[in-house]
Every structure is written in C-alpha cells, then in structure tokens.
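2 protein chains.
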Amino acid sequence: MTETVELDPILTTDFIKEMAKQMRAIDSYGTYDGWTDDKVLAPFIMTKEQRRQIPVIGDPDEETLSRVKCFYNAIAVMIEKECGHMAVPLVNITHEGFGRALITVGKLVVMDRTVRDVHRFSFDSLSKMKDEADKLLSVAVEIIGKYSEVAGL
Amino acid sequence: MTETVELDPILTTDFIKEMAKQMRAIDSYGTYDGWTDDKVLAPFIMTKEQRRQIPVIGDPDEETLSRVKCFYNAIAVMIEKECGHMAVPLVNITHEGFGRALITVGKLVVMDRTVRDVHRFSFDSLSKMKDEADKLLSVAVEIIGKYSEVAGL
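Residue numbers (our numbering), protein chains in the order written: chain A, 9 to 161; chain B, 9 to 161.
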C-alpha cells in the first residue's frame, strides 16, 4: 500500500518556512539534517493538556530559550521583508523565565512584549503560531508606516 | 589632629548620586551600609594601567555585569527626570561580554549602543563617567524633543 503524505499548507507559508530556517540555523551539530520542517518545529506545539502538565513555576532550559528567540527572530525577518529596513530583535529573559522581547527598526520600537512563563512557551498548533506572528507583524508594519521617518533613522 | 575631608564636588551631582543609589539598590546584604558614595563607586574607576593588566579576552563576572546595568539604569533615570516620560533600559550581554544596551521612551529608542569588552568596563575617573553619561543624556533628550509623539506613545 502506498500512502501519499500531503503537506500541510501551513508549512508552505513564509513565516513557518522562516521558523524552520531559524531553527536549522542554530542546529550546530546537524541533528535536524534530513528532518522535515514539521519535525523541526514539533517542540513549539503543545496541546493544552500537555502544557497543563508542566509545573506553573519553572526555569526555562536553554532549548526553550532558543525557541523563544527563534520565534522573535523569524518575526523580525518578516518585518524586514515587509518594510525593507533592518529589524533587530532583542530578547532578554531572566533565568526565571520572565523578560522582555523587543524588535526595533531604526529608532522605532515596533514590537515590545513582556514575556513570562517562558518554560511553557508553546502554541496549540502551527497555524495558531502563525496567527500570533501575523498579529505582531501587522501591528509592526502599521507603526512603521505611521512613523517611517523614525524607522528610517 | 582633626582632618577636614573635602567632598569632591562631582559626588554632589545628580548623576553620580543616582549611580550610588543604583548600586545601593542591588546591595541585598547591606555590605555598603556606612560606606561613602565614593567607596561604593570605586569599582567603576580604573586607571589605564590597571585596565591594561586585565586580559583582552575574558568573561565578565556577575558583579561587572551588574555595574554595567547600574550605569545604564542611572542614565535612564536621568532621561526620565529630564523628559517626564518613563525610560526603560534593556541591557543584553552574552557570557562572553558582548551585547547591546538600549533605552526606550515610549516607542522611541533614545539610546542604542553596542557594548563589548564588558569585563574591562570602567572609567578613568568619576568625572569621565559623568561626561560619558551627559553625552548619552543630551543625545537622548534631543531625539525625544524631535520625535516627542513617538516618545509619548
């Protein structure tokens, strides 16, 4: 019996492709070579049930932190593609998993979020992850349009 | 013999007083109680000779990192006093001592510096330290004046 594996259309979107690229970029030992994007991005996805099983208080490990950075890096790349200016992400998280994620374009702060409970950082599905990114992207692009002079500094 | 200790006028400036305040704020064990501001701020000062004796490559320890944060926190407080809006510092340094120091006011980046060689972070004198801060402050205040709408967001 031959099975045709259909590729989830979400995996062909720019953002999800960029996410996979960001994850592969930090994969120094080539662990992900030969893996599908789906598999590379699997650690981002958790059901509500799985998330509930993680203790409320916990310190994020290095891998979780790097996933958070991947997420905001990918958003910065999207912003850059959209507006043509360099977008610089800055993620600052304490060892307790609280912090701030920021993206600047020129002298303009186009995204500024307080992050918390980083040790539980995950999404219900890839499509939910993309929705979240799209929201941040559209707010960023709007503010860049409004204050283009500051963004161009 | 009674000695009259003359207070260096630099110690009465707003910035240097704020620096001492920032240092005392992180002194959880009360080590600095009873110390003069001068003594509290002593680790910030190094002669060229002393600095030269520190290896070129080195990882900054926690205390050095906290001094860097104190410096930018104090500048943020000065900016806040000057412009009336909240100024938020964000210092992100890798364990290797490279990174970025940023101060935002509203959605405006009023200071953005690449920091390096953090393990050698120090100044020739308190007055040199204040000069450096004054420079950053005046640039910040100028840009806030120019883009006050963005700073007020």
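For glycine and all other residues, C-beta sits at the position ideal for the given N, C-alpha and C. These numbers come from a predicted model, not from an experiment.
With a threshold of 9 Å between beta-carbons, can residue i be considered close to chain B, or not?
i, result
"A:Glu26", "no"
"A:Glu157", "yes"
"A:Lys115", "yes"
"A:Arg108", "yes"
"A:Ile34", "no"
"A:Leu145", "no"
"A:Val99", "yes"
"A:Ile151", "yes"
"A:Thr112", "yes"
Between residue i and chain A, is any beta-carbon pair separated by less than 9 Å?
i, result
"B:Thr102", "no"
"B:Leu73", "no"
"B:Asp132", "no"
"B:Leu85", "Looking at the sequence shown, residue 85 of chain B is not Leu but Val. Closer than 9 Å: no."
"B:Arg128", "no"
"B:Val118", "yes"
"B:Ile65", "no"
"B:Leu49", "no"
"B:Thr44", "no"
"B:Thr21", "no"
Let's test the definition: count the other Cβ atoms within 10 Å of the Cβ of residue i and tell me whether it reaches 16, buried, or not, exposed.
i, result
"A:Gln58", "exposed"
"A:Ala148", "buried"
"B:Arg172", "Nothing can be reported for residue 172 of chain B: it is not among the residues displayed for chain B, which extend from 9 to 161."
"A:Leu15", "exposed"
"B:Tyr80", "buried"
"A:Gln30", "buried"
"B:Val118", "buried"
"B:Ile111", "buried"
"A:Gly92", "exposed"
"A:Gly114", "buried"
"A:Pro97", "buried"
"A:Ile65", "exposed"
Please list the terminal residues of the continuous alpha helix (DSSP H) segment that includes residue i.
i, result
"B:Asp120", "Not the alpha helix (DSSP H): B:Asp120 falls in the beta strand (DSSP E), residues Leu116 to Val123."
"A:Leu134", "Leu134 to Lys154"
"B:Arg32", "Asp22 to Ala33"
Got a sec? Which residues, its chain only, sit under 7 Å from residue i by beta carbon, not counting five neighbours each side?
i, result
"A:Glu26", "Ala82, Val85 and Met86"
"A:Ser130", "Phe52, Ile53, Met54 and Arg59"
"A:Ile152", "Cys91, Val113, Leu116, Val118 and Ala159"
"B:Met137", "Phe52 and Phe131"
"B:Ser133", "Ile53"
Apart from the five residues on each side of it in sequence, which residues of its chain come closer than 6 Å, Cβ to Cβ, to residue i?
i, result
"B:Ala109", "Tyr80, Val99, Arg121 and Val123"
"B:Ala95", "Ala84, Ile87, Glu88, Ile111 and Val113"
"A:Ile18", "Ile24, Leu134 and Ser135"
Skipping 5 residues on each side, what residues in its chain have a beta carbon closer than 8 Å to that of residue i?
i, result
"A:Val126", "Pro68, Thr72, Leu73, Val76, Ile101, Gly105, Phe106 and Gly107"
"B:Asp22", "Met86 and Lys89"
Whole beta strand (DSSP E) elements within the region 47-108 of chain B, 3-residue minimum: 95-101
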